[in-house]
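Asker: Attaching a single structure in structure tokens format; questions to follow.
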Amino acid sequence: MALTQAVQIIGGATDAGVVASTGQTLFGGVMDPMTFDTVSVNIMPSDRTVNVDVAPQTGQFALRLFPEDLATGSAIVTVTAMSSADDTVTTMPVSYEYESGIVTDGISQALSRITYGPTADLYSRVKAIGFEAYVNEQLNPASIGDAAFDGQDFDRLIRNLANNNYAIGNADMDHRMAHAAFSEKQLQEVMSEFWSNHFFASNKGTQVYLQSIIDREFYRENAFGRFEDLLLYSARSPLMSQFLDNDQNRAGRINENYGREILELHTVGVDAGYGDEDVIAVSRVFTGWDFRRTNPSMDSVPQEHEFEFRPDRHDTDDKFIPFFQTTIEGRSGADGVREGEELIAILSNHPDTRSFVCGKIVQRFVADLPPENFVQACEDAWVASDGNTREMLRAILLAPEYTNDVALQNNKAKTPYEYAIAMVRALGARPVNDNFFGKVRHISRDGGYDPFDFALPTGLPEVGDAWVSSATMIASYRTATQVVTRHGEYGIDLQSMVEDAGVRTAEEVAAFLLTIATADRYSLEEYEAMVDVLKGADGIFDMTRNEQGAFDRATGLLIVLPSFMLQ
Amino acid sequence: MTTRREFLKSSAMMTAASLAGIAGAPQFAFGQSAGGKTLIKVFMRGGADGLHLFPPVNDPFYREHRPNLAIEAPSGDINSAIDIGDSYRAMNPNLEPLMEIWDAGRMMVAPATALESGNRSHFDNQRWIGNGARNNLIDGYLNRYMQRIDGVNDPLRGAILGKNGMSAELAGNIAVPVIRDRENFELENRYFCQGSGCADNQLTELMREIASHPVVDDSMEGAVRDNQIIMLESIAQVQEAGDNYTTNAGGLEYSNSNLGRGLKLAAQLLKAGVPLEVAAVDWNIGWDTHANQIPGSANRFTDQNFNFHRQIRQGATDFVTFYRDILPIIDDVVVVACTEFGRTVLENGSFGTDHGHSSSWFAFGGPTARGVGPDISTLDRNQLRDQRFTPTATEYQDVIGEIMVRHMNMSESLVSAIFPEHNTFTNHNLFSRTS
């Protein structure tokens, strides 16, 4: 936009002067940056005055309105360009009035939850096509071009694996991280991690570990699949079977572990009201659900397995399940497996399952305490679509409240895994070599998010209270702060990233980095600290000189900011 | 009641003073905390089998219900149970190191302890026991204790030790540090402070400044900031506490398990005079023994190549290491081991046991008096809960409540405030030792 005045605010607010109540960056310019190298900004009624730099090359400057500036619902911003060489040389002050709006406040936050962290490109894309179109696109991953990701052939990470449980766990984790960090199919990856965690299973000292990669691939390919298909898959998984002892569950010698957890953790939930008799009956239904090895014995190659139903171990009596007021008719021979399939169909169509599973999905995307209206929307979509999780997600993510309910802002925290990946995305890190993933993996693992060293069938916790602790923070920070001096090993080049974005001054760069890292909702003191570390001891940030030190300091600060911990 | 913010504001001011106090204190000056009493809660997650830890060897039904898993009555054989002078119960042979504390007259077992209203879910029971009530309270009972009782204003008044995650007992309005081990509980920002214009610890100073800025209480952002402050406030004390520490346990050393790390941290803090009042530690060794509770080898109950047996013994050794290490202040410290439920009385088809009801809790130190607490008298199926589980002989609230009353000197009238649904406190005289 061409300047019409000596100093002018040209961007950030809507044409009607509406700004986001969670904070808004405004961009401006001065006509004569050779004379005017500073802009004095006064904001009323908060009566905050701050001087911001003018970029000598472009004449641009940036300032930020914070929620405290918008407490009354509106703010008047007065800008006066000045010369640091001669304080008598100033322009006429120009004032702008802004109104605080809520219309689009939640979109940037929503992007931090349906992806593993916004990027500059993501913001541009959503601005161009709109939030609804972006969500619909994400829900249809086949439509998403992902050539840059595909071109890097990250599947190499899970090919030709040695027969080593630990190495295979690492490979699985690295493969997930590659998708989370670099694929355009972000929501698919978020949901595949969700299902993998909902139907959580890990190796329990058996030879079944390659299966974790196979299961994870299934959850990725079926991230938006039917719930019943996902449940049936998990019930047949050899990894699940060894994890919850169903391979030991046989007629006359039942093992209740899987029978209990399929009710409590995978379907109707612990509050549904079933009792021990139900657990026993369900366990009897699943007697004989076992697995067998499918590749020839060879120590150098990881064992492969597949589901096997063993009629000789199956309890062929009728099973009355009081909670469902249903009798599963006992069957012998190969038909015995039908009992479990019938039960899975009953479980998948049960209202308590809809409520429990929808509650967990809403917890992932909306709030740690799932709001009833979202859960209901999800359940309605479940009924209408026969358990199609794509439609359930659409109902949640496109509900107007998802992006305009003020009460739902700033209410979730990142898990250490989400934290590690968000760091990669916010700083534009690149896998310069495959050791890159090992480094990122450690950030997550040291913080306590390690699906391969986690023994509880609940899966890793989603709620912020589980992760917001000094042990998690200190462990993640200790590993993560290595990026500050080892930016080359992480493929981080903030200087180029900032130059590409066309921002130049400390205030512009601070706003740019913070907007990406914090879903555009950072605090005044975080912003001031960021500007300070960019300017450094001499108080000057000038991109015509080498500012690597400033970018290193900014990186270190960025990853320990409270707002960066939020999701 | 102190709100989180008020606490933090005052604790930030207190830190310099308390650090100075530590620096000026003589080395190994024991027990300087104002209240002077400490409760260390150890949780055996997964549902530890109380009938296996303290087997009722003299009950004929025990062998009948557990043809493979029942431990022999004390006989001197390596695989038999250990005599603790009780007519009904004995001790698992892998717990043998604990006999040192038992023989000193300082250990008790409450062999049928439960959350009476509990269910068979690990996760519900752990949460409800931690909350102190069968509801969805956010604050845990130890956090509620910290809110109700005026204590020393110190970021390490309560702490979770030896593990990464929060414990339900200590979660709540007063943020507490979570410290996995001392070695890694520091934030030297050597990566940040390089080049010109970067004073030492600028990153942590910036964190402190930002985190001290008030935000809406109870928001997630508030929780992040509070925990950052607690982390920063605790680092120096934790580091300092380890500087002159050596384990003094007659040659025993702590294991690198969550229990060993947690107890070692507790010993470091206590021996340095840090006013640690309530701590949460985990002892997780795979207590959820649905299958293969015993090996196929000859020494079915003691084979030290079998993980479960070895880790029980290792844990018992960690307890004794801690007991010896803090012996000069053992009067001031109670350690109580808890679990969410016991296992089915009948063994299942996989040499294991499924989720049950009551289990064996045990404690040592402070006013703990040697003995076996209220117990069941028979495993006759008709006397079992739902014919499958050991019933409740001791409600867990009374175990913890008695520690708070008789050890921590809390008013008995506050027990029902700490455990909101527990209106009648029963004193079982488990902590009645007079030293």
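Protein sequence lines correspond, in order, to chains R and S. To convert, take the position in the first sequence, counting from 1, and add 351; that gives the numbering used here. To convert, take the position in the second sequence, counting from 1, and add 27; that gives the numbering used here. All C-beta atoms, glycine included, are put in the ideal place defined by N, C-alpha and C.
Counting only beta-carbon separations shorter than 9 Å, does Ala-773 (chain R) have a partner in chain S?
Answerer: In the first sequence, the residue the question calls residue 773 (chain R) occupies position 422. It does not: the Cβ of Ala-773 (chain R) has no partner Cβ on chain S nearer than 9 Å.
Asker: What number of angstroms, rounded off, separates the C-alpha of Val-369 (chain R) from the C-alpha of Asn-755 (chain R)?
Answerer: Along the first sequence, read from residue 1 onward, the residue named residue 369 (chain R) stands at position 18. Along the first sequence, read from residue 1 onward, the residue named residue 755 (chain R) stands at position 404. Straight-line Cα distance between these residues: approximately 14 Å.
Asker: Taking a Cβ distance cut-off of 9 Å, strictly less, list which residues of the stretch 802-833 of chain R are near chain S, in chain order.
Answerer: Ala-806, Leu-807, Pro-808, Thr-809, Pro-812, Gly-815, Asp-816, Ala-817, Trp-818, Val-819, Ser-820, Ser-821, Ala-822, Thr-823, Met-824, Ile-825, Ala-826, Tyr-828, Arg-829, Thr-832, Gln-833
Asker: Between Arg-337 (chain S) and chain R, is the shortest Cβ-Cβ distance under 9 Å, so that the two count as touching?
Answerer: Residue 337 (chain S) sits at position 310 when you count from the first residue of the second sequence. For Arg-337 (chain S), the answer is no, since every Cβ of chain R falls outside 9 Å of its Cβ.
Asker: With a threshold of 9 Å between beta carbons, is Lys-763 (chain R) in contact with chain S?
Answerer: The residue given as residue 763 (chain R) occupies position 412 in the first sequence. It does: the Cβ of Lys-763 (chain R) has a partner Cβ on chain S nearer than 9 Å.
Asker: How many angstroms separate the CA atom of Pro-702 (chain R) from the CA atom of Glu-615 (chain R)?
Answerer: Locating residue 702 (chain R) in the first sequence gives position 351, where the first residue counts as 1. Locating residue 615 (chain R) in the first sequence gives position 264, where the first residue counts as 1. If I take the Cα positions, the gap works out to 14 Å.
Asker: So, is Gly-610 (chain R) buried or exposed, given that buried needs 16 or more other C-beta atoms within 10 angstroms?
Answerer: The count along the first sequence starts at 1 and reaches residue 610 (chain R) at position 259. Within a 10 Å sphere around the beta-carbon of Gly-610 (chain R) sit 16 or more other beta-carbons, which makes this residue buried.
Asker: For chain R, check one thing: does any of its Cβ atoms lie closer than 9 Å to the Cβ of Gly-148 (chain S)?
Answerer: Start at 1 with the first residue of the second sequence, and residue 148 (chain S) comes out as number 121. One detail in the question is off: residue 148 (chain S) reads as Ser in this sequence, not Gly. Yes, Ser-148 (chain S) counts as interfacial toward chain R.
Asker: Could you please give me the residues that DSSP links to Trp-640 (chain R) through a beta bridge?
Answerer: Stepping through the first sequence from its first residue, residue 640 (chain R) is reached at position 289. Note: Trp-640 (chain R) sits in a beta bridge opposite R:Phe-660.
Asker: In chain S, what lies closer than 9 Å to Arg-611 (chain R) by C-beta?
Answerer: As a position in the first sequence, residue 611 (chain R) is number 260, starting the count at 1. Those are Arg-147, Ser-148, Asp-381, His-382, listed as they occur along chain S.
Asker: Cutting at 6 Å between CB atoms, please list the residues of its own chain near Arg-147 (chain S), excluding the five before and the five after it.
Answerer: By one-based count along the second sequence, residue 147 (chain S) stands at place 120. These residues qualify, in order along the chain: His-382.
Asker: Quickly, what does DSSP pair Cys-365 (chain S) with across the bridge? List them, please.
Answerer: As a position in the second sequence, residue 365 (chain S) is number 338, starting the count at 1. DSSP lists S:Phe-70 as partners of Cys-365 (chain S).
Asker: Counting only Cβ-Cβ distances shorter than 9 Å, please list the residues of the stretch 423-436 of chain S near chain R, keeping chain order.
Answerer: Of all residues in the stretch 423-436 of chain S, none has a Cβ within less than 9 Å of some Cβ in chain R.
Asker: Return the Cβ separation of Met-537 (chain R) and Ala-764 (chain R) in integer angstroms, given the expectation that the two are a contact with Cβ distance under 8 Å.
Answerer: If you number the first sequence from 1, residue 537 (chain R) lands on position 186. If you number the first sequence from 1, residue 764 (chain R) lands on position 413. Residue identity check: residue 537 (chain R) is Gln in the sequence provided, not Met. About 19 Å separates the two Cβ atoms, so there is no contact after all.
Asker: By alpha-carbon positions, which one of S:Val-301, S:Thr-344, S:Leu-373 ends up nearest to Glu-267 (chain S)?
Answerer: Translated into positions along the second sequence, residue 267 (chain S) becomes position 240. Taking each of S:Val-301, S:Thr-344, S:Leu-373 in turn and checking the Cα distance to Glu-267 (chain S), the smallest one comes out for S:Val-301.
Asker: Starting from Lys-886 (chain R) and walking both ways along the alpha helix (DSSP H), at which residues does that stretch end?
Answerer: By 1-based counting over the first sequence, the position of residue 886 (chain R) is 535. Segment 875-886, the alpha helix (DSSP H) holding Lys-886 (chain R).
Asker: Compare the beta carbon distance of Arg-308 (chain S) and Lys-68 (chain S) with 9 Å and say whether it is the shorter of the two.
Answerer: Residue numbering aside, residue 308 (chain S) sits at position 281 when the second sequence is read from its first letter. Residue numbering aside, residue 68 (chain S) sits at position 41 when the second sequence is read from its first letter. Here the sequence assigns Val to residue 308 (chain S), which means Arg is not the residue at that position. Yes; because the gap between Cβ atoms is below 9 Å, this pair is in contact.
Asker: Given that Ala-160 (chain S) touches chain R, what residues does it touch there, using C-beta distances under 9 Å?
Answerer: If you number the second sequence from 1, residue 160 (chain S) lands on position 133. Within 9 Å Cβ-Cβ: nothing; Ala-160 (chain S) doesn't reach chain R, min ~16 Å.
Asker: Helix, strand or coil: how does DSSP classify Glu-579 (chain R) here?
Answerer: As a working note, residue 579 (chain R) is residue 228 in the first sequence. Glu-579 (chain R): helix per DSSP, three-state reduction.
Asker: Within a Cβ cutoff of 8 Å, which residues of the same chain sit near Arg-872 (chain R), ignoring the five residues on either side of it in sequence?
Answerer: As a first step, residue 872 (chain R) is located in the first sequence; it is residue number 521 there, counting from the start. Around Arg-872 (chain R): Thr-373, Gly-374, Ser-459, Gln-460, Gln-760, Asn-761, Ser-914, Leu-917.
Asker: Can a CB atom of chain S be found closer than 9 Å to the CB of Ser-874 (chain R)?
Answerer: If you number the first sequence from 1, residue 874 (chain R) lands on position 523. Taking Cβ atoms only, chain S reaches closer than 9 Å to Ser-874 (chain R), which makes this a yes.
Asker: For the alpha helix (DSSP H) containing Glu-540 (chain R), list its first residue and its last residue.
Answerer: Position 189 of the first sequence holds residue 540 (chain R). Run containing Glu-540 (chain R): 537-549, per the alpha helix (DSSP H) assignment.
Asker: Along the stretch 184-207 of chain S, what residues have a CB closer than 7 Å to any CB found in chain R?
Answerer: Within the stretch 184-207 of chain S, the residues whose Cβ lies closer than 7 Å to some Cβ of chain R are Asn-191, Gly-192, Met-193, Ala-198, Pro-204, Val-205, Ile-206, Arg-207, listed in chain order.
Asker: Spell out whether any CB of chain R is found under 9 Å from the CB atom of Met-247 (chain S).
Answerer: Locating residue 247 (chain S) in the second sequence gives position 220, where the first residue counts as 1. It does: the Cβ of Met-247 (chain S) has a partner Cβ on chain R nearer than 9 Å.
Asker: Which residue or residues does DSSP assign as beta-bridge partners of Trp-388 (chain S)?
Answerer: Taking the first residue of the second sequence as position 1, residue 388 (chain S) is located at position 361. In DSSP, Trp-388 (chain S) forms a bridge with S:Ala-137.
Asker: Are the C-beta atoms of Ser-706 (chain R) and some chain S residue less than 9 Å apart?
Answerer: Within the first sequence, residue 706 (chain R) is the residue found at index 355, counting from 1. No, its Cβ sits nowhere closer than 9 Å to a Cβ of chain S.
Asker: So with CB distances below 7 Å, who are the chain R contacts of Gln-255 (chain S)?
Answerer: Your numbering for residue 255 (chain S) matches position 228 in the second sequence. Per Cβ cutoff of 7 Å: Met-824, Pro-913.
Asker: Would you decide whether Ser-648 (chain R) is buried or exposed? Buried here means 16 or more other CB atoms lie within 10 Å of its CB.
Answerer: For the purposes of this step, residue 648 (chain R) is taken as residue 297 along the first sequence, with counting starting at 1. Exposed, by the Cβ-count rule.
Asker: From the beta carbon of Val-242 (chain S), is the nearest beta carbon of chain C less than 9 Å away?
Answerer: Chain labels in this structure do not include chain C; the protein chains are R and S.
Asker: Using C-beta distances below 6 Å, list every residue in its chain close to Ser-261 (chain S), excluding the 5 sequence neighbours before and after it, in chain order.
Answerer: Here residue 261 (chain S) refers to the residue found at position 234 of the second sequence. So the list reads Pro-182, Leu-183, Pro-204, once near-sequence residues are dropped.
Asker: Drop a sphere of 10 angstroms on the beta-carbon of Arg-689 (chain R), count the other beta-carbons inside from all chains shown, and report buried for 16 or more, exposed for fewer.
Answerer: Here residue 689 (chain R) refers to the residue found at position 338 when the first sequence is read from its first residue. Exposed.
Asker: Nearest-angstrom Cα distance between Ala-602 (chain R) and Met-258 (chain S)?
Answerer: Position 251 of the first sequence, counted from the start, is the residue given in the question as residue 602 (chain R). Position 231 of the second sequence, counted from the start, is the residue given in the question as residue 258 (chain S). So the alpha carbons of these two residues sit roughly 53 Å apart.
Asker: How would you label Gln-410 (chain S), buried or exposed, when you count the other beta carbons within 10 angstroms and need 16 or more for buried?
Answerer: What you label residue 410 (chain S) is simply residue 383 of the second sequence in a count that begins at 1. Exposed.
Asker: Could you confirm whether any beta carbon from chain S is found closer than 9 Å to the beta carbon of Asp-627 (chain R)?
Answerer: For the purposes of this step, residue 627 (chain R) is taken as the residue at position 276 of the first sequence. Yes, because at least one Cβ of chain S sits closer than 9 Å to the Cβ of Asp-627 (chain R).
Asker: Taking 8 Å as the cut-off, does the stretch 721-732 of chain R touch the stretch 743-752 of chain R (at least 3 CB pairs, one atom from each stretch)?
Answerer: yes
Asker: Got a sec: which bits of the stretch 452-473 of chain R sit with their beta carbon under 9 Å from any beta carbon on chain S, in order along the chain?
Answerer: none
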